[in-house]
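Q: Read in order, the letters of the sequence shown are residues 275 to 426 in the numbering used here.
For every residue, glycine included, the Cβ atom is placed at its ideal position computed from N, Cα and C.
Only a predicted model underlies this, so the values are computations on that prediction, with no experimental measurement involved.
I have a structure here, written as structure tokens, and I will follow up with some questions on it.
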Amino acid sequence: MLLDPPGMLPVHLLPHWPYLQAVDAALTVRGIPPGAVRISRSGREHGELMTMRLYWDSSRTGGHGGARLVWEEETGWAYALVGLAQDQVILTGQVDALHRVYAASEEVAEVAERMVRTWRRPAGDFHQEWEHAARTRAAIDAFRQRGGADES
275 MLLDPPGMLP
285 VHLLPHWPYL
295 QAVDAALTVR
305 GIPPGAVRIS
315 RSGREHGELM
325 TMRLYWDSSR
335 TGGHGGARLV
345 WEEETGWAYA
355 LVGLAQDQVI
365 LTGQVDALHR
375 VYAASEEVAE
385 VAERMVRTWR
395 RPAGDFHQEW
405 EHAARTRAAI
415 DAFRQRGGAD
425 ES
């Protein structure tokens with residue numbers, strides 16, 4: 275389970291963090307926690323866009339290389355199948371199976387499990403939204419309206 279954002283602001287300054295934790299917990303339940311997690315912020319001043327990258331190297335997959343899932347708050351989930359070297363990208367694309375930006379964490383975990391265990395492009399058809407998506411969007415809006423400052 276992710277405890278703290280790696281090298282980032284304190285948790286209370288990252289309104290996206292609960293979603294990232296929910297996805298990580300769902301992956302852990304399925305026995306496929308990522309080998310590495312990267313969080314980045316980019317974009318507007320105090321309105322940074324959040325990105326999460328989950329990595330599984332070849333020692334954690336059922337194929338001939340590694341796998342990545344990347345989440346961006348405006349576009350949702352994308353994937354990459356990589357070779358034995360992390361910079362050797364074999365196949366990339368949007369995870370069309372997940373129809374929501376804040377896809378249900380259990381559905382993200384199911385897509386990830388299939389990809390990690392078979393080393394194939396994500397498949398399926400998942401439409402559920404994460405149960406706390408509306409609350410997280412509201413927290414992000416409030417965060418940006420405050421200019422990124424914590425009022426508590």
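Can you name, in chain order, every residue of its own chain whose Cβ lies under 6 Å from the Cβ of R374, other than the five neighbours on each side?
A: As a first step, residue 374 is located in the sequence shown; it is residue number 100 there, counting from the start. Closer than 6 Å at the Cβ level, and outside the excluded window around R374, lie E403.
Q: Over what stretch of residues does the alpha helix (DSSP H) that includes Y293 continue unbroken?
A: Locating residue 293 in the sequence shown gives position 19, counting from the first residue. From DSSP, the alpha helix (DSSP H) with Y293 extends over W291 to V303.
Q: To the nearest angstrom, report how far apart R395 and M324 are at their CA atoms.
A: Within the sequence shown, the letter at position 121 stands for residue 395. Within the sequence shown, the letter at position 50 stands for residue 324. Those two C-alpha atoms are separated by around 24 Å.
Q: Which whole runs of the alpha helix (DSSP H) in the stretch 317–396 are 4 residues long or more, in chain order?
A: Within the stretch 317–396, the complete alpha helix (DSSP H) runs of at least 4 residues are 379–392.
Q: Excluding the five sequence neighbours on either side, which residues of its own chain have a C-beta within less than 6 Å of the C-beta of S333, listed in chain order?
A: Sequence index remark: in the sequence shown, residue 333 carries index 59 (1-based). Excluding sequence neighbours, S333 sits near nothing in its chain.
Q: How far does the alpha helix (DSSP H) with I414 in it reach, from first residue to last?
A: Locating residue 414 in the sequence shown gives position 140, counting from the first residue. Element bounds for I414: A407 to Q419.
Q: Quick check on I306: does DSSP put it in helix, strand or coil?
A: Your numbering for residue 306 matches position 32 in the sequence shown. Note: I306 maps to coil in three-state DSSP.
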